[in-house]
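Everything on this sheet refers to the single structure shown next.
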Ligand code: PH4
Ligand code: ZN
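Numbering (the working numbering), first residue to last: 52 to 343.
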């Protein structure tokens, strides 16, 4: 079983995810990157999480995605986030260790758990752009040393995924052999997969049909996410699929009802389509549904 960690940056996205998780009676992780926090404001995100917790009985966590530095992690910890990610993957091994360790030491005194990253994802990662050629898979021996020396609670690894809608030029290919080795060396450390959107073809098609221009987009097929789960990935990050759902729904309303200008007219179907997308992932892909 895997847990979906869904990126959020506004009220409708949060409502859609939590509503979907509630219907599936599944725990869920909401996560905000530092650019999402800049966009929405940390106080709004925190209060919207509180609203979601009041509304439903399911466990909902609020996680910092790709924390770029100690200060951002500290700000989120001090604002009641359940967990933080410190992304030191842009630094060399030793620097990544010392930054991660510093965050772990602070977080653990406050009862907050820490995700770290070792290895580099190809593509755009927040403000950091790692060229495909530089994409660096995680080294399993280093992963073991990294976790032992930092005390991090979970580890994001690079096995060939990347952020965004263009993950593979040809066939989708992930290095499951690396995942397997990492898991052998770290049997008790939850492993995280970033850049794990499927880039759902129907959503891309709808975007393109109604004036979008996202040709040749390709993500991680559901079967591969299933295999990743069997081989030990416990947290799956999803952002792009939600962006596509929202855009597809809004584009459709704009194209079919050009006279519409009440935001509720297009935000309602946008929220519904995000909800459907999240529900499908929880139920059919991640298997975290506890629906009777
Ligand atoms: N993420 C999302 C990163 C989003 O700065 P920003 O808000 O654009 O950062 O961590 C993922 O792993 C999402 O993967 P996906 O693109 O395959 O959905
Ligand atoms: Zn990521």
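By construction, the Cβ of each residue, glycine as well, lies at the ideal position given by its N, Cα and C atoms.
Does the Cβ of residue i lie closer than 7 Å to at least one heavy atom of the ligand PLP?
{"i": "residue 247", "result": "The ligand PLP is absent from the structure shown, which contains only the ligand PH4 and the ligand ZN."}
Under 8 Å between C-beta atoms, does residue i make it to chain D?
{"i": "residue 111", "result": "No chain D is part of this structure, which consists of one protein chain only."}
Taking DSSP's pairing of strands, which residues face residue i in a bridge?
{"i": "residue 54", "result": "286"}
{"i": "residue 187", "result": "171"}
{"i": "residue 80", "result": "56 and 112"}
{"i": "residue 166", "result": "136 and 205"}
{"i": "residue 244", "result": "287"}
Out of the options, state which residue places its alpha-carbon closest to the alpha-carbon of residue i.
{"i": "residue 122", "options": "113, 81 and 155", "result": "155"}
{"i": "residue 225", "options": "200, 279, 256 and 66", "result": "279"}
{"i": "residue 62", "options": "56, 55 and 97", "result": "97"}
{"i": "residue 79", "options": "133, 263, 272 and 254", "result": "133"}
{"i": "residue 272", "options": "237, 298 and 289", "result": "289"}
{"i": "residue 248", "options": "258, 240, 203 and 218", "result": "218"}
{"i": "residue 295", "options": "244, 269, 308 and 311", "result": "269"}
{"i": "residue 213", "options": "291, 193 and 160", "result": "291"}
{"i": "residue 315", "options": "297, 329 and 331", "result": "297"}
{"i": "residue 166", "options": "137, 252 and 106", "result": "137"}
{"i": "residue 236", "options": "75, 88 and 197", "result": "197"}
{"i": "residue 239", "options": "261, 194 and 210", "result": "194"}
{"i": "residue 215", "options": "250, 209 and 191", "result": "250"}
{"i": "residue 337", "options": "287, 253 and 210", "result": "287"}
{"i": "residue 126", "options": "311, 85, 101 and 145", "result": "85"}
{"i": "residue 87", "options": "312, 114 and 77", "result": "114"}
Note down, in chain order, each residue of its chain lying with its Cβ closer than 7 Å to the Cβ of residue i, except the 5 sequence neighbours on either side.
{"i": "residue 65", "result": "59, 81, 99 and 103"}
{"i": "residue 326", "result": "67, 70 and 71"}
{"i": "residue 131", "result": "97"}
{"i": "residue 330", "result": "71, 74 and 75"}
{"i": "residue 400", "result": "No information on residue 400 is available, as it lies outside the stretch 52 to 343 that the chain covers here."}
{"i": "residue 285", "result": "53, 54, 241 and 242"}
{"i": "residue 306", "result": "261 and 262"}
Taking 8 Å as the limit between beta carbons, can you name the residues of its chain near residue i, skipping five residues before and five after?
{"i": "residue 282", "result": "227, 230, 231 and 234"}
{"i": "residue 200", "result": "148 and 152"}
{"i": "residue 320", "result": "300, 301, 303 and 304"}
{"i": "residue 223", "result": "269, 270, 271, 272 and 275"}
{"i": "residue 128", "result": "135, 157, 158, 161 and 163"}
{"i": "residue 267", "result": "217"}
{"i": "residue 105", "result": "none"}
{"i": "residue 192", "result": "236"}
I'd like the list of long-range same chain contacts for residue i, defined as Cβ closer than 6 Å, with 5 residues on each side in sequence excluded.
{"i": "residue 182", "result": "Note that residue 182 scores a pLDDT of 47, beneath 50, so its modelled location is shaky; the value from the coordinates is reported in the next line. Here the set comprises nothing."}
{"i": "residue 179", "result": "Caution applies to residue 179, whose pLDDT of 45 falls short of 50 and renders its modelled position unreliable; the value that the coordinates give is listed next. Excluding sequence neighbours, residue 179 sits near 141."}
{"i": "residue 205", "result": "166, 241 and 243"}
{"i": "residue 202", "result": "155"}
{"i": "residue 328", "result": "292 and 296"}
{"i": "residue 332", "result": "55"}
{"i": "residue 139", "result": "147, 150 and 151"}
{"i": "residue 209", "result": "170, 171, 172, 188 and 189"}
Which runs of the alpha helix (DSSP H) spanning at least 4 residues fall entirely within the stretch 86-163, listed in chain order?
93-106, 121-129 and 144-160
Any chance you could list the alpha helix (DSSP H) runs of at least 4 consecutive residues sitting entirely within the stretch 185-234, in chain order?
191-201
4-residue-minimum alpha helix (DSSP H) runs that sit fully inside the stretch 268-318, ordered along the chain:
273-281 and 291-307
Are there three or more Cβ pairs, one per stretch, closer than 8 Å when the stretch 161-173 is compared with the stretch 187-201?
yes
Just checking, does the stretch 85-95 make contact with the stretch 103-112 on the three C-beta pairs under 8 Å criterion?
no
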